[in-house]
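Protein chains: 2
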Amino acid sequence: MAHQEKARSGVEWRITLGDGSSKSLVPDAGPISRIWIGLKGLIAGLVLKVWKFLMRAWDIGVDDPRKVIHCLKVGMALTVVSLFYFMRPLYKGVGGNAMWAIMTVVVVFENTVGATICKSLNRVFGTTLAGFLAFGVHWVASQSGQEFEPLITGASVFLLASTATFSRFIPSVKARFDYGAMIFILTFSLVTVSGYRVDKLFDMAHQRISTIIIGTSLCILVTMFICPIWAGEELRILISRNMDKLANSLDGCVDEHFNYNGELKDSDKQPDKKLLGYKCVLSSKATEESMATFARWEPAHGRFNFKHPWQQYLKIGASMRSCAYCVEALNRCIDSENQAPEFTKKHLSNICLKVSSNSSSVIKEVAKTIKTMKRSPSIDFLVEEMRSAVQDLQKELNFLPKLLSPPEVLHPERKETEETTSTTHLLEVIPVVTFASLMIEISSRIQAIVETVEELAELAEFKGEAQEKAKQNQPNTNRILASQLNDDQQTMKALERV
Amino acid sequence: MAHQEKARSGVEWRITLGDGSSKSLVPDAGPISRIWIGLKGLIAGLVLKVWKFLMRAWDIGVDDPRKVIHCLKVGMALTVVSLFYFMRPLYKGVGGNAMWAIMTVVVVFENTVGATICKSLNRVFGTTLAGFLAFGVHWVASQSGQEFEPLITGASVFLLASTATFSRFIPSVKARFDYGAMIFILTFSLVTVSGYRVDKLFDMAHQRISTIIIGTSLCILVTMFICPIWAGEELRILISRNMDKLANSLDGCVDEHFNYNGELKDSDKQPDKKLLGYKCVLSSKATEESMATFARWEPAHGRFNFKHPWQQYLKIGASMRSCAYCVEALNRCIDSENQAPEFTKKHLSNICLKVSSNSSSVIKEVAKTIKTMKRSPSIDFLVEEMRSAVQDLQKELNFLPKLLSPPEVLHPERKETEETTSTTHLLEVIPVVTFASLMIEISSRIQAIVETVEELAELAEFKGEAQEKAKQNQPNTNRILASQLNDDQQTMKALERV
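Quick mapping for you: the protein sequence lines, in order, are chains D and X. Start counting the first sequence at 1; every next residue gets the next number (this note's numbering). Start counting the second sequence at 1; every next residue gets the next number (this note's numbering).
(1) When DSSP builds the beta bridges, which residues end up paired with X:Phe-304?
(2) Can you tell me whether D:Ala-130 is buried or exposed? The criterion is at least 16 other CB atoms within 10 Å of its CB, across all chains shown.
(3) Of all the CB atoms in chain X, is at least one closer than 9 Å to the CB of D:His-138?
(4) What's the gap between the Cα of D:Leu-276 and the Cα of D:Met-373?
(5) So, helix, strand or coil for X:Gly-30, using DSSP?
(6) Relative to chain X, which residues along the region 59-87 of chain D have a C-beta separation below 8 Å, given in chain order?
(7) Do D:Ser-162 and X:Val-74 have their CB atoms nearer than 9 Å?
(8) Run the CB neighbour count on D:Cys-227, radius 10 Å, all protein chains shown included, and call it buried at 16 or more, exposed below.
(9) Would you verify that the beta carbon of D:Glu-328 is, or is not, closer than 9 Å to some beta carbon of chain X?
(10) Under 9 Å, Cβ to Cβ, is there at least one residue of chain X near D:Arg-208?
(11) Give me the Cβ distance between X:Ile-117 and X:Ile-220, rounded to the nearest whole Å; I'm assuming they're in contact under 8 Å.
(12) Which residues of chain D have a Cβ atom closer than 9 Å to the Cβ of X:Leu-190, listed in chain order?
(13) Taking 8 Å as the limit between beta carbons, can you name the residues of its chain near X:Phe-462, skipping five residues before and five after?
(14) If you run the structure through DSSP and keep just helix, strand and coil, what is D:Arg-296?
(15) Look at the alpha carbon of X:Arg-321 and the alpha carbon of X:Ser-378, and state the distance between them as a whole number of angstroms.
(16) If you drop the 5 nearest sequence neighbours on each side, which residues of the same chain put their C-beta closer than 6 Å to that of D:Asn-476?
(17) Kindly list, in the order they appear in chain D, the residues whose Cβ is closer than 7 Å to that of X:Gly-154.
(18) Is D:Leu-282 near D:Glu-328, with beta carbons less than 9 Å apart?
(19) Touch check for the region 353-367 of chain X and the region 248-257 of chain X: three-plus C-beta pairs under 8 Å?
(20) According to the Cβ coordinates, are X:Met-224 and X:Val-113 closer than 9 Å?
(21) At what residues does the alpha helix (DSSP H) containing X:Gly-277 begin and finish?
(22) Is D:Arg-208 helix, strand or coil by DSSP?
(23) Under 9 Å between C-beta atoms, does D:Tyr-325 make it to chain X?
(24) Beta-carbon within less than 8 Å of X:Pro-309's beta-carbon, same chain only, minus the 5 sequence neighbours each way: which residues are those?
(25) Does the contact criterion of 3 or more C-beta pairs under 8 Å hold for the region 147-159 of chain X versus the region 75-82 of chain D?
(26) How would you call X:Ser-443, buried or exposed, if buried means at least 16 neighbouring beta carbons within 10 angstroms?
(27) Any chance you could list the alpha helix (DSSP H) runs of at least 4 consecutive residues sitting entirely within the region 82-164 of chain D, in chain order?
(28) In terms of residue numbering, what span does the alpha helix (DSSP H) encompassing X:Ile-237 cover?
(29) For a contact meaning CB atoms closer than 7 Å, what does X:Ser-587 contact in chain D?
(30) Thinking C-beta only, is X:Phe-135 closer than 9 Å to X:Phe-202?
(31) May I ask whether a heavy atom of the ligand ZN can be found less than 8 Å away from the beta carbon of X:Glu-233?
(32) Rounded to the nearest angstrom, what separates X:Phe-148 and D:Ala-77 at their Cα positions?
(33) Tell me, please, whether the CB atom of X:Ala-231 is closer than 9 Å to any CB atom in chain D?
(34) Please classify X:Asn-476: does DSSP put it in a helix, a strand, or coil?
(35) Mind pulling the beta strand (DSSP E) runs of 3 or more residues that sit fully within the region 50-77 of chain D?
(36) Leaving aside the five residues before and after X:Asp-392 along the sequence, list all residues of the same chain whose C-beta is less than 6 Å from its C-beta, in chain order.
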C-alpha cells in the first residue's frame with residue numbers, strides 16, 4: 001500500500017549504501033508546510049508559556065486571597081467613580097474634570113490602608129499647595145506685561161521643578177512626601193502653563209481639587225471598610241512570622257548538624273525550606289521599613305492606638321537580622337568539609353540540642369508575645385533556662401580536652417607521640433568548637449531580641465497574661481481536687497465492700 | 001538704680017523666708033507678652049529646623065553633584081515642554097492635550113537612563129494597548145443600545161482593572177511592567193468612560209498618544225545626552241565600591257582585634273566608619289536589584305554592549321553579602337566579653353594579619369577587575385598566596401595545644417592539676433579559635449566571589465591585561481639594562497682613572 005502511494009506521487013530517489021542497504025531520499029517539505037510547522041511550534045510554545053504564567057498567577061492568588069480581594073476592591077472603586085461620569089447632574093457639577101477622579105483612584109489606591117492614606121494626603125496637599133503657588137506666579141506674570149509673561153512662567157517652572165525634584169533626594173522627605181513632591185511639580189506646571197490659555201483658572205483649580213478629594217475619599221473609604229489590610233497589622237504579622245521561621249531554622253540547623261552521618265536520618269525527611277527560613281529574615285528589611293512608614297499614617301484601629309511605637313518593630317527586625325547572620329554562619333557549618341569526629345559530636349550533641357531547643361522556644365514565646373500583644377508570664381523562666389543550658393554547654397566544652405588526650409592519659413610511655421596526636425585532635429575539634437561558640441553567640445543575640453520586644457511591650461503597654469492564667473488555673477485546681485475527692489470516695493466504697 | 005526702677009513701677013511684694021533672706025514676688029507677664037515669647041520661641045525653633053534641613057540638603061548636593069544636575073535636567077525638560085503650550089502652531093496641532101506632554105515629563109523622568117526608558121516604554125505601550133482595547137469595548141457598547149452601554153462599560157472597567165491590578169502582584173510583571181500595568185488601567189478607564197461623552201474619540205486618543213510620545217522622546221533625549229547617569233554603570237560602581245568597603249572592613253576588623261588592649265593603639269585613630277563598611281554590602285541588595293532591572297532597558301553604551309550579563313552582578317553581590325555575614329560575626333568577636341589571653345593572641349596575630357591582608361588584597365584586586373573591566377593577571381597568584389596563608393594559619397592552630405599545656409610538659413609531677421589547667425586554657429582559647437575559623441571561612445567565601453567575578457569576565461568578554469603589562473615591562477627592562485650599562489661605563493671610567 002505504502003509503496004503504491006509513493007509510486008503514485010512520482011519518481012522516487014534511492015541511494016545504495018556500502019553495506020548493501022538502500023535509503024530513499026525524501027524530498028524537502030515545501031515552504032508552506034515548513035512555515036506551518038514553525039508556526040505550530042511557535043503557537044504551542046506560546047500557549048505553554050501563557051499557561052505556565054496563568055498557573056503561577058493562580059498560585060499567587062491561592063497563597064494570599066487578600067491580593068485577589070484587593071484587585072476586586074480596585075475594580076469596584078473604579079466602577080463607582082466611573083458612575084460620576086454617567087450621572088448627568090454630577091457630570092454638570094464637575095464637568096470634564098471628572099477624569100481627575102478616575103485618575104486619582106487609579107494612582108492612589110494601594111494594597112494597605114496606610115499606603116492609600118499616605119498617597120491620598122500627599123496628593124491633596126501637593127495639589128493644593130502647588131495650586132496656590134501657581135496662582136501667585138500667574139498673578140505676578142500677568143501684571144508684568146505680555147513680553148515677560150512667558151519668561152516669568154518658564155523661570156518659575158524651572159526653579160520650582162528643580163527644587164522639588166531635589167527635595168525628593170532628601171531621605172526624610174523621600175520616606176513620607178515623595179509622591180506629594182511629584183504631584184506638586186505636576187500641578188504647578190499644569191496650572192502655571194494652562195494659566196496662559198484658560199481664563200477661568202479659578203474654576204478649573206476648584207473643580208480639580210474637588211474631584212481629587214472625591215477620588216481620595218472614595219479610595220480611603222473602600223480601603224478602610226471593605227476587608228481592610230492594615231500596614232501596621234501586616235508589619236506585626238511579618239515580624240512574628242519571621243521569628244517563627246528563625247526558630248524553626250535554628251532548630252532544623254542544629255538537628256541537621258548532629259544527625260548528619262549519624263544514626264538518626266530524620267533530617268532527610270525534613271524539607272530544606274524550613275531550614276532556610278532565616279533567609280526570609282535577612283531579606284525583609286525593605287518590606288519592614290515601608291510597612292512601618294505606612295503604619296504611621298493609619299488611624300487608631302483594633303488594638304493599635306494612634307501613637308503605637310512602630311519604630312520599635314524596626315529595632316526588633318534589626319535584632320532578628322543580627323541573630324539570622326549567626327544562623328547563616330551556623331548553617332554553613334553543616335556544609336563544612338572538615339566535619340568533627342563522631343565522638344566529640346556525640347559528646348556535645350545532647351547539650352547543643354538542648355541549647356537550640358531552649359533558644360528556639362524563647363524565640364517562639366517572644367513571637368507569641370507579638371502575635372497576642374500580651375506579655376508572656378513565662379519568658380523570664382525560658383530565658384533563664386536558655387542561659388543555664390548555655391552554661392552547661394560551656395561546662396561540656398571544658399571536658400573536651402579530656403576526650404582529646406586519651407592516649408597520653410592511658411599510656412604515659414607514649415609521651416613522644418603525644419603532641420602530634422593531641423594536635424590532630426584539636427584541629428578536628430575546631431568545627432565543633434566553632435559551632436558551639438556560634439550557639440553561645442546566638443543565645444546572646446536572642447537575649448537582645450527579648451530586650452527589644454520587652455521595650456515594645458513597655459512602650460505599647462501590652463497587658464500581662466498573669467491574671468488570666470490565674471483564672472484559668474482556678475478551675476484546673478478545682479478539677480484536680482474534685483478528682484482526688486472522687487478517688488477518695490471510690491477508695492472508701494472499695495473499703496466498704498471489703 | 002535697680003531699686004529705684006522697681007519702685008517706679010509701683011508696689012513690690014516681698015516675702016521673708018525662715019532664714020531671714022527675702023524674695024520679691026514678680027508679677028506674671030501679661031497674656032500678650034507671653035504669646036509674644038511663645039511665638040518668638042516657635043519662630044526661632046522653626047528657623048533652626050529649616051536651617052538644619054537646608055544644611056542637610058546642601059550636604060546631599062555636595063556629596064553627589066549629579067543629583068543637582070538631575071534636578072536641573074528635570075527643570076529644563078519641563079521648561080522645554082512648556083514651550084509647546086506657548087507656541088501657537090504647535091498648540092493648534094495638539095490642542096489642550098499638550099498637558100499630557102507635561103504630565104509625561106513629570107512622571108517619566110527618572111534619575112537613571114534605564115529607569116527613564118523603562119517608564120517611557122511602559123507608558124507608551126500601556127497607553128496604546130489600553131487605547132485599542134477601549135476602542136473595541138466602546139464599539140461593542142455602542143452597538144448594544146442605550147440601555148446596555150453603561151452596563152458593558154462598567155463591567156469591562158471592573159474586569160480589566162481587577163485583572164491588571166492582579167498582574168502587578170506577579171513578580172516577573174512587577175519587575176518590568178508595573179508602571180505599564182497602572183497606565184493601562186488609567187488609560188483604559190479614561191478612554192472607555194470618556195467614550196460615552198466625547199464624540200471625537202479617535203482624535204482624542206491620537207492626540208494623547210502623540211503628546212505622550214513627544215514627552216517621552218524629550219525625556220529620553222535629555223536623560224541620554226546631557227550628563228547621562230547609566231543604571232548599569234551605577235551598578236558596576238556600586239559593586240566595586242562595596243568590594244573596597246568590604247576589604248577595608250575586614251582589614252580594620254582584624255587590626256582592631258589584635259591591637260585591642262595591646263601595645264599598638266593605632267586602632268583608636270581609625271574611624272569607625274571604615275570598620276562598618278560591610279554594612280553597606282549587607283543593605284544594598286534592593287538597590288542592586290533595581291539597578292540591574294533598569295540596566296537591561298539601556299541601549300549599548302561605552303564598554304557595555306546590549307547583552308551585557310547584568311544578572312551576573314547580582315550573583316557577585318550575593319556572594320559579597322555571604323562574605324559580609326562572616327565579617328559581621330568577626331566584628332562581633334571584637335566586642336566579645338571573654339577576650340583571649342595575650343599570649344595566644346600574639347601567637348596568632350602575625351599570621352591572622354597576613355591572612356586578612358592577603359584576603360583583602362584579593363578583594364581589592366577583584367574590585368579593580370570590575371572597575372577597569374580588564375582581567376587581572378595577578379589574581380591567580382594572589383588567591384594562591386591567600387590559600388597558603390590560610391594553610392599557615394591552620395598550621396599555627398596546630399601549635400596551640402603546645403602553648404596550652406606548658407605546666408604538664410615542664411613539670412610532669414603536677415599531673416593531678418593538669419586537667420583543670422588545660423581546661424581553663426581551652427575555654428580561654430575558644431574566642432581565638434572562633435576568630436581564626438571565621439577567617440578561614442571568609443577566605444573560602446572570598447574564593448566564591450573570585451569565581452563569580454571570573455564568570456562575569458567570561459560572559460562579558462573582559463580583555464586581559466597581560467599584553468599591556470608585557471609592553472609596560474619592556475621599557476623597564478631596557479631602563480635596567482641601560483642603568484647597568486651606565487654603571488659599567490662609570491666603573492670603566494673609574495678604572496681608567498686609576
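Even glycine gets a Cβ: it sits at the ideal position worked out from N, Cα and C.
Reading it off the structure:
(1) Partner residues in the beta bridge of X:Phe-304, as assigned by DSSP, are X:His-301.
(2) Classification of D:Ala-130: buried, given that the 10 Å Cβ count is 16 or more.
(3) For D:His-138, no Cβ of chain X is located within less than 9 Å of the residue's own Cβ.
(4) Rounded to the nearest angstrom, the two C-alpha atoms are 27 Å apart.
(5) Three-state DSSP puts X:Gly-30 in coil, outside helix and strand.
(6) For the region 59-87 of chain D, the set of residues with a beta-carbon nearer than 8 Å to any beta-carbon of chain X comprises Ile-60, Gly-61, Lys-67, Val-68, His-70, Cys-71, Leu-72, Val-74, Gly-75, Met-76, Leu-78, Thr-79, Ser-82, Leu-83, Tyr-85, Phe-86, in chain order.
(7) Contact check for D:Ser-162 against X:Val-74 passes: the beta carbons are separated by less than 9 Å.
(8) Under this definition D:Cys-227 is an exposed residue.
(9) When Cβ-Cβ separations below 9 Å define contact, D:Glu-328 makes contact with chain X.
(10) For D:Arg-208, the answer is no, since every Cβ of chain X falls outside 9 Å of its Cβ.
(11) Rounded, the Cβ-Cβ distance is 6 Å, consistent with contact.
(12) Those are Met-99, Ile-102, Met-103, Val-106, listed as they occur along chain D.
(13) Cβ within range, chain order: Thr-369, Met-373, Lys-374, Arg-375, Leu-456.
(14) Judged by DSSP in its simplified three-state form, D:Arg-296 adopts coil rather than helix or strand.
(15) Looking at the two C-alpha atoms, the distance is approximately 24 Å.
(16) Per-residue confidence for D:Asn-476 stands at a pLDDT of 46, beneath the threshold of 50, marking its modelled position as unreliable; the derived number appears in the next sentence. There are no such residues.
(17) The answer, in chain order, is Thr-79, Ser-82.
(18) Yes, the Cβ-Cβ distance between D:Leu-282 and D:Glu-328 is below 9 Å.
(19) Counting Cβ pairs under 8 Å, three or more are found: they touch.
(20) Taking 9 Å as the Cβ cut-off, X:Met-224 and X:Val-113 qualify as a contacting pair.
(21) Per DSSP, X:Gly-277 belongs to no alpha helix (DSSP H) and is neither H nor E.
(22) Helix, per DSSP.
(23) The beta carbon of D:Tyr-325 sits closer than 9 Å to some beta carbon of chain X.
(24) Within the same chain, X:Pro-309 has close Cβ partners Leu-456, Leu-459, Ala-460.
(25) Here the region 147-159 of chain X lies against the region 75-82 of chain D, with 3 or more beta-carbon pairs under 8 Å apart.
(26) Burial call: buried.
(27) With a minimum length of 4 residues, the continuous alpha helix (DSSP H) runs that stay inside the region 82-164 of chain D are 88-94, 98-108, 113-143.
(28) That run of the alpha helix (DSSP H) goes 231-259.
(29) For chain X, the structure presents residues 1 to 498; residue 587 of chain X sits outside this window and is missing.
(30) A Cβ-Cβ contact shorter than 9 Å links X:Phe-202 with X:Phe-135.
(31) The ligand ZN is absent from the structure shown, which contains no ligands of any kind.
(32) Rounded to whole angstroms, X:Phe-148 to D:Ala-77 spans 20 Å at the Cα level.
(33) It does not; no Cβ of chain D falls within 9 Å.
(34) Annotation note: pLDDT 46 at X:Asn-476 (below 50); position unreliable, coordinate value reported separately. Three-state DSSP puts X:Asn-476 in a helix.
(35) Counting only unbroken stretches of 3 or more residues, no beta strand (DSSP E) element lies wholly within the region 50-77 of chain D.
(36) Once the five neighbours on either side are set aside, the close Cβ partners of X:Asp-392 are Ile-351.
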